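First up is the structure itself, then whatever we jot down about it.
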Amino acid sequence: NLTSGIVGLANVGKSTFFQAITKSKLGNPANYPFATIEPEEARVIVPSNELNKLSKLYNSKKKINAILKIFDIAGLVRGASDNKGLGNSFLNDIRSVDGIFQIVRAFKDNEITHIEGNINPVRDLIIVQDELILKDMEFIENSIEKLEIQLKHKNNKQINELTSIEQQLESLKIAYDLLLNGQKIINKKDWLNYQIDALNSHNLLTAKPSIILINVNENDFFNQSNEFLIDIENWVKEFSPDSSIILFSANYETKLSEIQNENEINFESKSALPKIIQEMRKALNLISFYTCGNIESRQWTIRKLTSCPKAAGVIHTDFEKTFINAELIKFNDIKDLNPPFDEKSLKSKGKIQRVGKNYIVEDGDILHFKAAA
Ligand code: GDP
36 NLTSGIVGLA NVGKSTFFQA ITKSKLGNPA NYPFATIEPE EARVIVPSNE
86 LNKLSKLYNS KKKINAILKI FDIAGLVRGA SDNKGLGNSF LNDIRSVDGI
136 FQIVRAFKDN EITHIEGNIN PVRDLIIVQD ELILKDMEFI ENSIEKLEIQ
186 LKHKNNKQIN ELTSIEQQLE SLKIAYDLLL NGQKIINKKD WLNYQIDALN
236 SHNLLTAKPS IILINVNEND FFNQSNEFLI DIENWVKEFS PDSSIILFSA
286 NYETKLSEIQ NENEINFESK SALPKIIQEM RKALNLISFY TCGNIESRQW
336 TIRKLTSCPK AAGVIHTDFE KTFINAELIK FNDIKDLNPP FDEKSLKSKG
386 KIQRVGKNYI VEDGDILHFK AAA
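The UniProt record's numbering runs 35 ahead of the 1-based position in the sequence shown.
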């Protein structure tokens with residue numbers, strides 16, 4: 036299960052946003068069966084119109100959405116990479132997440148101090164990015180040193196290991212040059228597969244996909260505009276082009292999370308949270324497949340380009356090993372149908388395909404797996 040973390044300077048609205056998530060209808064689903072949740076971890080439901088439709092079609096007793104884990108990571112300060120302030124604990128927490136939400140303050144409020152003195156989102160984006168870049172450079176310097184020692188002590192018989200060390204060194208050096216030029220590792224679009232594999236083993240901060248959440252006041256959120264937006268967009272285009280930008284209001288999300296149950300408001304159409312969750316899923320290359328029946332309809336998460344047996348393995352590890360084949364229904368083939376619905380009627384129309392171990396699962400697929408007992 037992939038995780039994402041919230042980062043940003045102090046007083047930009049991270050905890051406010053995190054608390055709003057935790058309390059919201061989409062947050063910490065009660066029917067989620069596993070493990071106790073840490074105070075700094077939230078689980079949010081991944082909204083899915085497909086699942087809503089499928090659970091009605093199949094007349095399912097239960098509807099189980101996929102979740103995304105979100106961590107509240109301690110605030111960052113200028114100089115964190117030198118171990119000032121909360122430096123190290125922050126950096127250890129952030130190394131373990133797969134994707135980053137960076138919250139930037141663009142709301143004005145004289146009551147709330149800004150640690151840098153005034154509101155300037157681009158300056159703040161630069162502070163955070165510089166810290167991440169500096170920390171990656173430090174990680175890379177240490178790794179290169181260790182790898183070069185290993186290289187010296189290997190003899191030529193250990194060819195496989197040598198290639199791996201050489202490939203890592205090569206990839207790390209390219210990454211280092213990028214960072215030196217103020218660019219994140221993820222900004223380079225033509226990494227080769229073996230270089231990506233080599234870099235992945237180092238858990239580098241600027242190789243993680245990120246989404247920029249701009250905390251604005253309610254009016255700006257409703258209008259989807261802000262006086263700093265153009266500057267932010269220009270900066271992001273050049274220095275963080277992988278990041279999508281989402282305007283939200285931490286205060287408004289808090290209000291929504293407090294009134295949603297009483298007033299039965301149409302929460303999902305007003306909150307920025309569904310969009311925030313969906314953008315992170317996209318950034319992490321995650322897609323959904325579904326298992327449906329009248330007991331439950333359930334959404335499952337896989338990475339793009341996952342094979343059918345690997346997808347079965349998400350449900351239960353044994354299913355991957357004992358996978359025989361699967362019956363596949365395409366969401367598009369049934370999205371316009373209405374209950375009562377019977378899969379047999381699809382079979383006669385040829386809308387149920389049998390797929391084998393080489394089938395690559397696509398977003399929205401409905402699958403029934405067959406595995407050896
Ligand atoms: P963190 O340090 O980034 O976790 O920031 P907090 O969430 O603790 O917020 C710092 C202060 O800013 C708190 O007093 C919040 O109530 C306030 N705050 C957070 N978001 C907003 C917002 O959207 N508008 C306004 N006016 N204040 C906010």
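Where a beta carbon is used, it is the ideal one built from N, C-alpha and C, also for glycine.
Quick caveat: nothing in here was measured; it's all calculated off a predicted structure.
Excluding residues up to 5 positions away in sequence, T38, S39, G40, I41, F53, I56, E76, A77, R78, V79 and F136 lie with their Cβ nearer than 8 Å to the Cβ of I105 in the same chain.
In the structure shown, V42 adopts extended strand secondary structure according to DSSP, grouped into three states.
In the DSSP assignment, R158 forms no beta bridge with any residue. Only residues of its own chain outside the window of five on either side were considered, and among them Y93 and S95 have a CB closer than 8 Å to the CB of G328, listed in chain order.
Relative to the Cα of D398, the nearest Cα in the group G62, N84 and V47 belongs to N84. Counting only runs of 4 or more residues that sit fully inside the UniProt domain "TGS" (320–406), the alpha helix (DSSP H) segments are 343–350, 352–356, 366–369 and 378–383, in chain order. CA-CA distance, I369 to E331, rounds to 17 Å. The nearest non-hydrogen atom of the ligand GDP is 8 Å or more from the C-beta of D159. Using a Cβ distance threshold of 9 Å, A141 and I246 do not count as a contacting pair. By DSSP's assignment, E76 forms a beta bridge with F106. According to the DSSP assignment, F263 belongs to no beta strand (DSSP E), since it is labelled neither H nor E. The beta carbons of I209 and K223 sit closer together than 9 Å. In this structure, D107 is the residue among K143, D107, E146 and E183 with its C-alpha nearest to the C-alpha of V132. Judged by DSSP secondary structure, S279 falls within the beta strand (DSSP E) whose first and last residues are S279 to F283.
Contact annotation, R389 with E362: C-beta distance approximately 6 Å; criterion of less than 8 Å satisfied.
Per the C-alpha coordinates, the member of K339, S383, K49 and L61 positioned closest to S292 is L61.
Nearest in C-alpha terms to Q202, of all of L214, N216 and L186, is L186.
In this structure F404 is not in contact with F366, their Cβ atoms being roughly 17 Å apart against a cut-off of 8 Å.
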